[in-house]
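Chemist:
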Amino acid sequence: MNSTRWFWGILALVTLWKVLAAWKLGLIFDECYYWEWSLHPQACYFDHPPLTAWLIASARVLLGHTTLAVRIWAIVGGIILALAGRELGKDLFGQEAGNRAGILLLLAPIFAGNALLMTPDTFLIPAWACAVLSAWKGYRDGGSLAWWAAAGTAAGIGMLSKYTMVLFYGALLMLWVLSPGRRRTLRPGIMIAGVLTSVIFLPVLWWNSQHDWVSFTHQLHHGFRNEHRTLINFQNLSDYSAFLIVLVSPILGLLCFRTAATRMKDSRYLFLGVFFWIVVVFFGYSAAKAHIEANWPMAAFVTALVMVAGDWENYGAGWRKTAIIVLLIADLGAVLGVSNLLLPKNSPLSIRNFSPELSFMGKVPGLSLLEAPAKQGLSDFQTRIEEFLGPEAAAKTIEENFRISGADFICLSTYQLTGVMAFYAPSLEPLLWLPDHGRSRFPWISDREWAGKTALLSAWPRIYNCSQDLFSEFSTQYPVLIPGTRSPLFLSIGKSYKPENAAP
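Counting in my numbering, the sequence shown tops out at residue 579, every number present.
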């Protein structure tokens, strides 16, 4: 079997499918939020560094107001990841292992999804892979300092995408500690890389210094707040352990940990292993205090899959076959799921026809249409499906109601819904406002211009109670059904807006 042909064939097939899916599949909430960012380029934002917005803005110049403009860089990032992982595996373990590593990085569920949807993780991961590849070329015998400069540049790009790129330097520190005979030669390269990363990261530091360091403090609170006021939250740790196994499919996940635990005496695996363990341990510490999202530790599995590719022949034939079968089943399920979302709305096979109705609302004593979503709600499954299927219809429904309401601007319940309106109702983008910490998230909006004016208050998919201090008078909140979805939109009118009472 010619593994090189397999690699290029799979890369081409996966890329073509992603282009089609990216073009046809509606944006999810966070992608709409980042679209709103891209309309107002900044050196940083409340939640994350700016690269996601910059990339979307650059694609918009060529591809216009399209879903493909939002996602094209995600697809490019997936290609870069596969190529970097292939080169790293080839350099460490040979041509066959390199091709195998590239294929695993293309097909692993977490990386396949990350290379389709546009989020801050989207370019963190290829930047991480390129930084590790360059660091290896600088670390090996005879490596040039130019490779360390390349590593620092890639890490700087990663830092512009997501702050967790800093763990790359935690791994280099661990590598330095574990390489006593090479510390003197490692030090200059690591310092060069660090200086270049810091220079690239300067815009983010400058922006934060002008905004009370809000982006840094938000992320620290987000990742390390003690949610349950216990020393260790075992439920969070249990969930985190499950994430670590299934992110790249269950059998591959187990093989990643097996190789990372047993092959550290080999300098090649030691090099890759430090980039795995630093991420796993860091987010394990975070999981002891706070809830961890499944995507947070994904960077660990870039080098973990390269290790698996290099150690492949040392696994039993049964393990290898089972790992491939489980991986292909996971990929097939994902492809079928996404393909179903692309079906026409009236298709009898559409997944939306198999989700629960809102008919339960009339069967629960004392539960009205207005109260039901807040008290009982739709299933998590239905909510996720509607995140793909509902935003455009929700935006159009808000737009129609705004046109007939006589309101001056629109107050929205969440930052995600604000992004949805910005993408799917672009003519209303200058009239959008988020009362809940909108000045931090959207500093380019001047809500004080609407003092004393009337707003249409819109909430979806959950009911939202706006602060009574923001308006002198509220109308009764009423539900409006959105075509093609089962989560109603909640609307009301607020008169005489009081911007002095809005949260900063």
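Ideal Cβ placement from N, Cα and C applies to all residues, glycine included.
What are the start and end residues of the alpha helix (DSSP H) that includes L280?
Modeler: Here residue 280 refers to the residue found at position 205 when the sequence shown is read from its first residue. That run of the alpha helix (DSSP H) goes 258-285.
Chemist: According to the neighbour-count rule (16 or more other Cβ atoms, all chains shown, within 10 Å of its Cβ), is G441 buried or exposed?
Modeler: In the sequence shown, counting from the first residue as 1, residue 441 sits at position 366. In this predicted model, G441 has a pLDDT of only 32, less than 50, meaning its place in the structure is not dependable enough to derive any value.
Chemist: For G153, I'd like the list of residues in its chain whose CB is within less than 8 Å of its CB, leaving aside the five on either flank, ordered along the chain.
Modeler: Sequence index remark: in the sequence shown, residue 153 carries index 78 (1-based). Answer for G153: V89, T90, K93, L181, F186, A187, N189, A190, L191, P201, listed in chain order.
Chemist: Leaving out the 5 sequence neighbours to the left and right, which residues in its chain are closer than 8 Å to L329 when beta-carbon positions are compared?
Modeler: Reading the sequence shown from its first residue, position 254 is the one you call residue 329. Taken in chain order, the residues that qualify are I320.
Chemist: Which one or two residues does DSSP pair with Y572 in a beta bridge?
Modeler: By 1-based counting over the sequence shown, the position of residue 572 is 497. In DSSP, Y572 forms a bridge with F546.
Chemist: Name the residue from S502, L403, F358, G218 whose alpha carbon lies nearest to the alpha carbon of I85.
Modeler: Here residue 85 corresponds to residue number 10 of the sequence shown, with the count starting at 1. Comparing Cα positions, the closest option is L403.
Chemist: For A530, which residues does DSSP report across the bridge?
Modeler: Translated into positions along the sequence shown, residue 530 becomes position 455. Bridge partners of A530: F484, G569.
Chemist: Short of 6 Å in beta carbon distance, which residues of its chain neighbour V377, apart from the five on each side in sequence? Order them along the chain.
Modeler: Stepping through the sequence shown from its first residue, residue 377 is reached at position 302. Excluding residues within five positions, the ones whose Cβ falls inside 6 Å are W203, A204.
Chemist: What would DSSP say about V323, mapped onto helix, strand or coil?
Modeler: Taking the first residue of the sequence shown as position 1, residue 323 is located at position 248. Reduced to three states, the DSSP call for V323 is coil.
Chemist: Can you check DSSP and say which residues form a bridge with L507?
Modeler: As a working mapping, residue 507 is identified with position 432 in the sequence shown. Paired residues: I485.
Chemist: Across which residues does DSSP place V555 in a beta bridge pair?
Modeler: Sequence index remark: in the sequence shown, residue 555 carries index 480 (1-based). Bridge partners of V555: L564.
Chemist: So what's W288 in DSSP terms, helix, strand or just coil?
Modeler: Numbered from its first residue, the sequence shown carries residue 288 at position 213. Three-state result, W288: coil.
Chemist: Taking its Cβ as the centre, do 16 or more other Cβ atoms sit within 10 Å of E106, making it buried, or is it exposed?
Modeler: By 1-based counting over the sequence shown, the position of residue 106 is 31. Buried.
Chemist: I307 to L295, Cα distance in whole Å?
Modeler: Along the sequence shown, read from residue 1 onward, the residue named residue 307 stands at position 232. Along the sequence shown, read from residue 1 onward, the residue named residue 295 stands at position 220. Going by the C-alpha atoms only, they are around 18 Å apart.
Chemist: Find the nearest neighbour of A500 within the set R516, D522, F477, judged by alpha-carbon distance.
Modeler: The residue labelled residue 500 in the question sits at position 425 within the sequence shown. Nearest option by C-alpha distance: F477.
Chemist: In chain order, what are the residue ranges of uninterrupted alpha helix (DSSP H) at least 4 long that sit wholly in the region 129-186?
Modeler: Segments of the alpha helix (DSSP H) lying fully in the region 129-186: 142-168, 170-182.
Chemist: Please report the Cβ distance between G465 and S562, rounded to the nearest whole angstrom; I am assuming they are in contact, meaning their Cβ atoms lie under 8 Å.
Modeler: As a first step, residue 465 is located in the sequence shown; it is residue number 390 there, counting from the start. As a first step, residue 562 is located in the sequence shown; it is residue number 487 there, counting from the start. Their Cβ separation, rounded to whole angstroms, is 7 Å, which keeps G465 and S562 in contact under 8 Å.
Chemist: When burial is assigned at 16 or more other CB atoms within 10 Å of the CB, is M620 buried or exposed?
Modeler: In this structure the chain extends from 76 to 579, so residue 620 is not present and cannot be described.
Chemist: From this set, A96, S254, N311, which residue's C-alpha is nearest Y358's C-alpha?
Modeler: For the purposes of this step, residue 358 is identified with residue 283 of the sequence shown, where counting begins at 1. A small correction: the amino acid at residue 358 is Phe; Tyr does not occupy that position in the sequence shown. Per the Cα distances, N311.
Chemist: What do you get for P510, buried or exposed, if any count of 16 or more other CB atoms within 10 angstroms of its CB means buried?
Modeler: By one-based count along the sequence shown, residue 510 stands at place 435. Answer is buried; the Cβ neighbour count reaches 16.
Chemist: Taking the alpha helix (DSSP H) that M496 belongs to, which residues open and close that run?
Modeler: Taking the first residue of the sequence shown as 1, we reach residue 496 at position 421. Start and end: 490-499.
Chemist: Can you tell me which of R259, F82, S113 puts its alpha carbon nearest to the alpha carbon of F498?
Modeler: For this step, residue 498 is matched to residue 423 along the sequence shown. It is S113.
Chemist: Looking at the structure shown, is D341 part of a helix, part of a strand, or coil, going by DSSP?
Modeler: By 1-based counting over the sequence shown, the position of residue 341 is 266. Coil at D341, not helix or strand.
Chemist: Going along the chain, which residues of its own chain have a beta-carbon closer than 7 Å to the beta-carbon of L545, five neighbours each way excluded?
Modeler: Numbered from its first residue, the sequence shown carries residue 545 at position 470. Answer for L545: P510, G569, Y572, K573, N576, A577, listed in chain order.
Chemist: What does the alpha-carbon distance come out to for the pair V241 and A405?
Modeler: One-based indexing of the sequence shown puts residue 241 at position 166. One-based indexing of the sequence shown puts residue 405 at position 330. V241 and A405: Cα-Cα distance of roughly 31 Å.
Chemist: Compute the distance between the beta-carbons of L531 and L566, then report whether it is under 8 Å.
Modeler: Here the question's residue 531 lines up with position 456 in the sequence shown. Here the question's residue 566 lines up with position 491 in the sequence shown. Closer than 8 Å, so yes.
Chemist: Quick one, which of F82, L347, S324 has its alpha-carbon nearest A409's?
Modeler: Taking the first residue of the sequence shown as position 1, residue 409 is located at position 334. Taking only the C-alpha atoms, the option nearest A409 is S324.
Chemist: Start and end of the alpha helix (DSSP H) containing G101?
Modeler: For the purposes of this step, residue 101 is identified with residue 26 of the sequence shown, where counting begins at 1. Note, G101: premise wrong, no alpha helix (DSSP H); not H, not E.
Chemist: When you compare only the Cα positions, how much space is there between S392 and K340?
Modeler: Taking the first residue of the sequence shown as 1, we reach residue 392 at position 317. Taking the first residue of the sequence shown as 1, we reach residue 340 at position 265. Strictly speaking, residue 392 in this sequence is Ala, with Ser absent from that position. Each residue's Cα considered, the two are about 24 Å apart.
Chemist: State the Cα-Cα distance for the pair F168 and H286, rounded to the nearest angstrom.
Modeler: Position 93 of the sequence shown holds residue 168. Position 211 of the sequence shown holds residue 286. Approximately 47 Å between the Cα atoms of the pair.
Chemist: Excluding the 5 residues preceding and the 5 following A226 in the sequence, name in chain order all residues of the same chain whose CB lies nearer than 7 Å to its CB.
Modeler: As a first step, residue 226 must be located in the sequence shown, where it is residue number 151. Result list for A226: A206, S209, A210, G213, A268, in chain order.
Chemist: I'd like the list of long-range same chain contacts for L345, defined as Cβ closer than 6 Å, with 5 residues on each side in sequence excluded.
Modeler: Taking the first residue of the sequence shown as 1, we reach residue 345 at position 270. For L345, where only same-chain residues beyond five positions count, the Cβ hits under 6 Å are M339.
Chemist: Quick one: residues in its chain with C-beta nearer than 7 Å to the C-beta of W98, no 5 flanking neighbours on either side, listed in chain order?
Modeler: As a first step, residue 98 is located in the sequence shown; it is residue number 23 there, counting from the start. T142, L143, listed in sequence order.
Chemist: Give the straight-line distance between the Cα atoms of F276 and Y315, rounded to the nearest whole angstrom.
Modeler: By 1-based counting over the sequence shown, the position of residue 276 is 201. By 1-based counting over the sequence shown, the position of residue 315 is 240. Going by the C-alpha atoms only, they are around 30 Å apart.
Chemist: Would you report the Cα separation of G527 and W535, rounded to the nearest angstrom?
Modeler: Here residue 527 refers to the residue found at position 452 of the sequence shown. Here residue 535 refers to the residue found at position 460 of the sequence shown. About 25 Å.
Chemist: Going by Cα to Cα distance, which pick from E388, Y539, V383, T560 is closest to K471?
Modeler: Position 396 of the sequence shown, counting from 1, holds the residue named residue 471. For K471, the nearest C-alpha among the options comes from T560.
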